[in-house]
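Enquirer: Residue numbers (the UniProt record's numbering): 1 to 215.
Backbone N, C-alpha and C define an ideal beta-carbon position, used for all residues, glycine too.
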Ligand SMILES: O=P(O)(O)OC[C@H]1O[C@H](OP(=O)(O)OP(=O)(O)O)[C@H](O)[C@@H]1O
Ligand SMILES: O=C(O)c1cc(=O)[nH]c(=O)[nH]1
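1) What's the C-alpha gap between residue 122 and residue 193?
2) Taking residue 155 as the reference, which of 139, 138, 179 and 145 has the closest Cα?
3) Quick one: what does DSSP say residue 170 is sitting in, helix, strand or coil?
4) To the nearest whole angstrom, what separates the beta carbons of residue 126 and residue 35, a pair I think is in contact under 8 Å?
5) Cβ of residue 73 within 9 Å of Cβ of residue 38?
6) Comparing C-alpha positions only, which one of 98, 79 and 111 sits nearest to residue 92?
7) Under the criterion of a Cβ to heavy atom distance below 8 Å, does residue 186 qualify as lining ligand 1?
8) Below 7 Å CB to CB, which residues in the same chain sit around residue 99 once its five sequence neighbours on both sides are set aside?
9) Would you identify the three-state DSSP class for residue 25, choosing helix, strand or coil?
10) Does the Cβ-Cβ distance between residue 174 and residue 133 come in under 9 Å?
11) Look at the alpha carbon of residue 51 and the alpha carbon of residue 84, and state the distance between them as a whole number of angstroms.
12) Taking 7 Å as the limit between beta carbons, can you name the residues of its chain near residue 81, skipping five residues before and five after?
13) For a test of the three-state rule: what should DSSP assign to residue 125, helix, strand or coil?
14) Excluding sequence positions up to five away, which residues of its chain have a Cβ less than 7 Å from the Cβ of residue 25?
15) Identify whether residue 8 lies in helix, strand or coil by the three-state DSSP scheme.
16) Starting from residue 96, trace the beta strand (DSSP E) in both directions and tell me its first and last residue.
17) Is any non-hydrogen atom of ligand 1 found closer than 8 Å to the C-beta of residue 132, if you look at the structure I gave you?
18) Following a CB-centred definition, is residue 128 positioned closer than 8 Å to any heavy atom of ligand 2?
19) Helix, strand or coil: which one does DSSP assign to residue 74?
20) What first and last residue would you give for the alpha helix (DSSP H) that runs through residue 188?
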C-alpha cells in the first residue's frame, strides 16, 4: 500500500467516513463496515480527500483533459481534486459538472464549468450499481468527448447481481478503467497493521469471504 492510501484510510476513519459495526446496504446485505463520503465535510477533511484523489490520479499516470464530477457528490470532489492537482502537481486542468435538472434561464443548460471536450475523467465517491457512471458516459459522449476512466474513493470488491462486482462490470462491459483510491483489501491490510480490535478485522475478512470477488 502506498503512503497516500494509508493517509486516506487514516483520515477516513478519523473523520467517521469509515465506520465499523452493523450496516444494511442498498443491496440488503449486512455489512460490518460502511463508507460515507459525506463525512469529509470540513476544509481540512476535503483537502485530505482531494489530496488522495490527486495522488491516485498521478500514481496511475492517467492522461486526461478535464475532470467531470456527477451531481451531487461528485461536484465538490471534482472541484477539490482540480484544485489539488494544480496546487501539488502543477497540473492546471479544467473541471465540469452536471445539473440534475437543466437550467432554463440565464446561461441555461445542463453542464457547468469547463467545456466537455477531449478525454474526460469522471470523479465520484463510490460505484454501487454503475447507474451514475452510465449516465455520465451518456452526457460525455453526447457532448462529443471521450471518457478516460473513473476515479472513486473505495472499491468494496463485492459481487453485484452476478459473480462480478459493479466495478468489474464497468471495466469489462463499458471498457472503462476504474481507479479506486483504496479497495477493501487495502482496508483489511491497514486494519491488520493498526487495529487493536481483532473481532473487527475478522468480521471484515468473513464479509470478504462471503460476498467478495477476486481482484
Ligand atoms: O453506481 P450507482 O448505483 O449509480 O451508485 C453510486 C452513485 O450513487 C450516489 O449518487 P446519487 O445518484 O445517489 O446522487 P447524489 O450524489 O446526489 O447523492 C453516489 O454519489 C454515486 O454517484
Ligand atoms: O452499498 C451501499 O449501499 C453503500 C456502501 C458503502 O460503503 N457506502 C455507501 O454509501 N453505500
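Expert: Checking against the coordinates, here is how it stands:
1) For this step, residue 122 is matched to residue 122 along the chain shown. For this step, residue 193 is matched to residue 193 along the chain shown. Straight-line Cα distance between these residues: approximately 32 Å.
2) Residue numbering aside, residue 155 sits at position 155 when the chain shown is read from its first letter. Answer by Cα proximity: 179.
3) The residue you call residue 170 lines up with position 170 of the chain shown. Helix at residue 170.
4) Stepping through the chain shown from its first residue, residue 126 is reached at position 126. Stepping through the chain shown from its first residue, residue 35 is reached at position 35. Right, the Cβ-Cβ distance comes to about 7 Å (below 8 Å), so this counts as a contact.
5) Against the chain shown, residue 73 aligns to sequence position 73. Against the chain shown, residue 38 aligns to sequence position 38. Between residue 73 and residue 38, the C-beta gap is smaller than 9 Å, which places the two residues in contact.
6) Taking the first residue of the chain shown as 1, we reach residue 92 at position 92. Of 98, 79 and 111, the residue nearest in Cα terms is 79.
7) In the chain shown, residue 186 corresponds to position 186, counting from 1. No, the Cβ of residue 186 stays beyond 8 Å of every heavy atom of ligand 1.
8) For this step, residue 99 is matched to residue 99 along the chain shown. 71, 110 and 112.
9) Against the chain shown, residue 25 aligns to sequence position 25. In this structure, residue 25 counts as coil in the three-state DSSP scheme.
10) In the chain shown, residue 174 corresponds to position 174, counting from 1. In the chain shown, residue 133 corresponds to position 133, counting from 1. A contact, by the Cβ cut-off of 9 Å.
11) By 1-based counting over the chain shown, the position of residue 51 is 51. By 1-based counting over the chain shown, the position of residue 84 is 84. Going from the Cα of residue 51 to the Cα of residue 84 covers about 6 Å.
12) Translated into positions along the chain shown, residue 81 becomes position 81. Closer than 7 Å at the Cβ level, and outside the excluded window around residue 81, lie 50, 53, 54, 67 and 123.
13) Here residue 125 refers to the residue found at position 125 when the chain shown is read from its first residue. Under the three-state reduction of DSSP output, residue 125 falls in the coil class, being neither helix nor strand.
14) Here residue 25 refers to the residue found at position 25 of the chain shown. Only 31 meet the Cβ criterion.
15) Counted from its first residue, the chain shown places residue 8 at position 8. Residue 8: helix per DSSP, three-state reduction.
16) Here residue 96 refers to the residue found at position 96 when the chain shown is read from its first residue. Where residue 96 is concerned, the enclosing beta strand (DSSP E) stretches over 95-103.
17) As a working note, residue 132 is residue 132 in the chain shown. Correct: residue 132 has its Cβ closer than 8 Å to ligand 1.
18) Here residue 128 refers to the residue found at position 128 when the chain shown is read from its first residue. Checking every heavy atom of ligand 2 against the Cβ of residue 128, one is found closer than 8 Å.
19) Looking up residue 74 in the chain shown gives position 74. In the displayed model, residue 74 falls within a helix according to three-state DSSP.
20) By 1-based counting over the chain shown, the position of residue 188 is 188. Here the alpha helix (DSSP H) through residue 188 covers 184-194.
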